[in-house]
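Take -7 as the starting number for the sequence shown in this note's numbering and just add one per residue.
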Amino acid sequence: MLDNELKSKIDQLWNKFWSGGISNPIQAIEQMSYLIFMRRLEDEDNDKLNNSRLSGQKYISFFKDNQDCKWSIWSEYPANKILDHVRDKVFPFLRNLGGNEESLYKKYMKDANCIIPTPGLLIEAVKIINDMHIKEQNRDTQGDIYEYLLSELTTSGKNGQFRTPRHIIKMMTEMVSPKVGERICDPACGTAGFLVSAYEYILKTNASKDLIKIDQEGNEYNFKADKLSKDQWKKLREDTLYGFDIDQTMTRISLMNLMMHGIDYPNITQLNTLSTRFNETNNYDIILANPPFKGSIDESELNDNFVIKSKKTEILFLELIYNLLRIGGRCAVIVPDGILFGSSNAHKELKKLLIEKCRIDAIISMPSGVFKPYAGVSTAVIVFTKGEPTKKIMFYDMESDGFTLDDKRTKIGDGKGDIPDIVNKFKNKDKEKLDDRKKKCFVVPIEDIKNNEYDLSISKYKEIIYEQVKYEKPEVIKKKIIETEKEIMKGLDELGV
């Protein structure tokens, strides 16, 4: 939904940071976020001042005693003053905004530091952000600006941190179909991509079709959600989206991402949800997640609520998700293939839990290139509902997600691959006859899965068609080889070689 001019300005901003010495994209996006936050803070302050004048209600400006911390003032400072002022005055002011209260601003700027190395880079960044701001038209554009900024993490991820592809997130969101009034959580939220997707899905499904627009690439936008009441809007913005992440930088990025999409007070918390400090249970209607695959946690830090004995984070997160869901709650989660076929006691206990105390609705096997260029690990999406035993499972062998499976991940055709068919098959799985295991999509009754010791890998159940290849007789092949050699020698003679 962004025009080429705006994309060009965002690309310029990235290039300025990289050439200016901040080559780690995580650090770069964090510094950009601080600057965008500063600009937004003054805009918000001006809006509240104007509204207070119209309503007659008293409002005290954020900048009452710190006028020189306003973006509009310090951004005009000369090169010999601007960097020192931002680093030594503006950042401390923002870190303490809200006084002793745990305000959103204080939460967002906690431990924030300016690492922009030169006044020139800061001035260039300010100029580009001002230009971007002029091009902003609405909340849609602001959210898209930040999404486009974050898209660079897809091509430049480091330190093992990278985003789940947005089209995979969208597919998973459509499969759980979040509704207004439901509480949605991502216990390892990263940049909050799943939460943003759930928010946009709710807006879309509550918007009049004649208001929805389509961009040049066929993507829908302009979800005004005109069907939502005032109370529903309040619920959506204040008590719907919840995210947790162990990393402070990811927490900041999540907060900014949600704010840029119109959630003024996001429920994002820096916390290890596997640790003893996290004690929520039965609290959410929907969970969308791509939790860490690799890693382990110290037993002394591990929450006592876990029944399955394991240090593997991928196993622990799945039990955590089960614990967090309310009865009837729905989940779509990305797992490594090892979860599906693992034969350790912990793996078996986990699968038994999901099969007997949940209804596993679908397992989508994804090609190993989906997370390239970072990882080639094979993954799957498990979709399940808590509270009733599994009777049958829909399996789908995704052959294409719409992009090439090499490191370049180039779009193929419309860039949708099998995804529309996956969503359609999922929504109609109880209506269609899906018993042909030679096809991409088929259903397996729970008896077969129990007979295979709870193995959930698609390869255990999919029937492969072997085509018989007919080879020519050896004497025919030999004759063809001799004739080919003669032709080659004749050609060499003609060339005088």
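A virtual CB, placed ideally from N, CA and C, is assigned to each residue, including glycine.
Put simply, the region 250 to 262 does not touch the region 113 to 121. Fewer than three CB pairs are less than 8 Å apart. If you check the CB distance, V415 and E166 come in under 8 Å.
Around the C-beta of A71, fewer than 16 other C-beta atoms lie within 10 Å, and the residue is accordingly described as exposed.
DSSP lists Y234 and I279 as the bridge partner or partners of C177.
Secondary structure note for T241: its alpha helix (DSSP H) is the uninterrupted segment Q240 to M252. Counting every other CB atom within 10 Å of its CB across the protein chains shown gives G379 a total below 16, marking it as exposed.
Boundaries of the alpha helix (DSSP H) harbouring R158: R158 to V168, taken from the DSSP string. Using a Cβ distance threshold of 8 Å, K383 and I438 count as a contacting pair. Counting only residues of its own chain and dropping the five nearest sequence neighbours on each side, Y100 has a CB closer than 7 Å to the CB of F29, R244 and L247. DSSP lists S357 as the bridge partner or partners of D389. In the three-state reduction of the DSSP assignment, Q262 falls in the strand class, which pools E and B. Collapsing the DSSP output to three states places T377 in a strand. For Q134, the number of other beta carbons within 10 angstroms of its own is at least 16, and it is reported as buried. F54 sits away from D80, with the two beta carbons spaced by 8 Å or more.
Burial check for Y191: the Cβ neighbour count within 10 Å reaches 16 or more, so the residue is buried. Around the Cβ of G173, a 10 Å sphere holds fewer than 16 other Cβ atoms; the residue is exposed.
Per DSSP, R318 is one residue of the beta strand (DSSP E) stretching across L317 to P328.
A distance of 8 Å or more separates the beta carbons of N297 and N275. At the C-beta level, N249 and L142 come within 8 Å of one another.
Bounds of any alpha helix (DSSP H) do not take in V362, whose DSSP letter is neither H nor E. Contact between I279 and I313 is confirmed by a C-beta separation of about 5 Å, below the 8 Å threshold. A direct Cα-Cα distance of roughly 12 Å separates L317 from K349. Bounds of any alpha helix (DSSP H) do not take in V299, whose DSSP letter is neither H nor E. Three or more beta-carbon pairs drawn from the region 356 to 375 and the region 326 to 346 are found closer than 8 Å, and the two stretches are therefore classed as touching. Taking a cut-off of 8 Å for Cβ pairs, the region 181 to 200 and the region 211 to 225 touch, as three or more such pairs fall below it. According to the DSSP secondary-structure assignment, V118 is paired through a beta bridge with no residue. Residues of the same chain with a CB within less than 7 Å of the CB of V436, apart from the 5 flanking positions on each side, are K384, I385, F387 and Y453 in chain order.
The region 32 to 51 makes no contact with the region 13 to 23; the number of CB pairs closer than 8 Å stays below 3. The region 231 to 238 makes contact with the region 183 to 190: 3 or more CB pairs, one atom from each, lie closer than 8 Å. Per DSSP, the unbroken alpha helix (DSSP H) holding V188 starts and ends at G185 to T197.
Inter-residue distance for N264 and I238 is about 5 Å (C-alpha atoms, whole angstroms). The three-state reading of DSSP puts P70 in coil, since its state is none of H, G, I, E or B. Annotation for V172: no beta strand (DSSP E) segment contains it, and DSSP assigns it neither H nor E. Rounded to whole angstroms, the gap between the alpha carbons of L342 and G407 is 35 Å. Residue N(-4) holds the alpha-carbon nearest to the alpha-carbon of Y140 among M163, Y193 and N(-4). Going by DSSP, V435 is part of the beta strand (DSSP E) stretching over C433 to P437.
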